[in-house]
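The opening position of the sequence shown corresponds to residue 1 in the UniProt record's numbering, with each subsequent residue numbered one higher. Read through the structure below, which is laid out as structure tokens, and then see the notes.
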Amino acid sequence: MKSWRKILSSIVLSISLIGFGYVEPVQASDSTNLARIEAENRATEKRIQILEQKIAALKEQLGLATKKTAVESVSRAALSKLTYQGSEVVTVNHNKPTFTKSELKLTRPWQSYGQLDGLNRVTTANALLNHSLMPHSEREPLYVNPTGWHNKRISSGWLYNRCHLIGYQLTGQNNNIRNLMTGTRQLNDPGMLRYENEVADYLKSSNSHYVRYRVTPVFRGDELLARGVEMEAQSIGSNAVRFNVYIFNVQPGVVLNYQTGTSRVG
């Protein structure tokens, strides 16, 4: 941030110096000198315009940098209150997963899916992932309708996907109502898929690789459509895979009603 401000100050100083030369009264004794001076003044005006454009661009960059820093990392408690401001992914707890020491204990691979809550909403999915849990067959069509499922076509295709909390490629769980939520296409792919692929690639690279994994949908109040999902991963015995991110459940050009899952283009 300091470097940007130094650059901005330098440009302002340049304009000041140029300005002094420009406003100085000029006495021209003949038409040749007058034409030359007018040409120099036009060139000076052009340089001032260029510098002013640079200042405007730098101010915009400073604003973007400040905005990015403001949402760079948040606490878990703040997730349900977080409002989408243009950045689809936000790091949580400085990108550090919050597993306890006992939760990172190496055992046989396992997976666990929380019970639906009182509104039939999906809750948290946990797993200790290993290559042995990964499926060997193609995924079958999905037919389960999670809460907030009011799908429709938009210009880019279907608005919603049935999003797996723990991706099919990691455990083979498919039509498991406790592992499915209503998510926008953008949330599912590229949002969640990017992180699922990172985990899958690591597991495929060695049968001895394990990853502690947790995905938590984040709802606000009694809304039926999740505001987003928190994804946490930690490879056992190394930091080869390590992240804690929150991905907003949003879709460009569409206004979502999180209370019901209905939507409108706008």
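Beta carbons: idealized from backbone N, C-alpha and C, even for Gly. From a predicted model like this one, the values you see are computed outputs, not experimental measurements.
- For Glu232, the beta-bridge partners assigned by DSSP are Arg214, Asn244.
- Annotated as proximal: Asn179 and Leu165, with beta-carbon spacing under 8 Å.
- Residue range 89-92 is occupied by the beta strand (DSSP E) that includes Val89.
- Secondary structure of His164 (DSSP, three-state): strand.
- Here Leu116 carries a coil assignment [DSSP, helix/strand/coil].
- If you draw a 10 Å sphere on the C-beta of Ser102, you find fewer than 16 other C-beta atoms in it, and that means exposed.
- Met181 is a Cβ neighbour of Pro146, given a cutoff of 8 Å.
- Minimum Cα-Cα distance from Gly228 among the listed residues Val122, Gly172, Asn239 corresponds to Val122.
- The bridge partners DSSP lists for Met181 are Cys163.
- Remark: C-beta atoms of Val245 and Tyr168 do not approach each other more closely than 8 Å.
- Scanning its chain for C-beta atoms nearer than 8 Å, with the 5 sequence neighbours on each side dropped, one finds around Lys81 the residues Arg220, in chain order.
- In the structure shown, Leu129 adopts extended strand secondary structure according to DSSP, grouped into three states.
- Apart from the 5 residues on each side of it in sequence, Ser31 has no Cβ closer than 6 Å to any other Cβ in its chain.
- Within a 10 Å sphere around the beta-carbon of Leu119 sit fewer than 16 other beta-carbons, which makes this residue exposed.
- DSSP places Val254 in no alpha helix (DSSP H) but in the uninterrupted beta strand (DSSP E) bounded by 254-256.
- Counting the other CB atoms within 10 Å of its CB gives His94 a total below 16, which places it among the exposed residues.
- For the pair Ser132 and Tyr143, the Cα-to-Cα distance works out to about 26 Å.
- In this structure, DSSP gives Val265 an extended state, which the three-state scheme calls strand.
- For Ser73, the pairing in a beta bridge is given by DSSP as Thr91.
- With at least 16 other beta carbons inside 10 angstroms of its own, Ala226 counts as buried.
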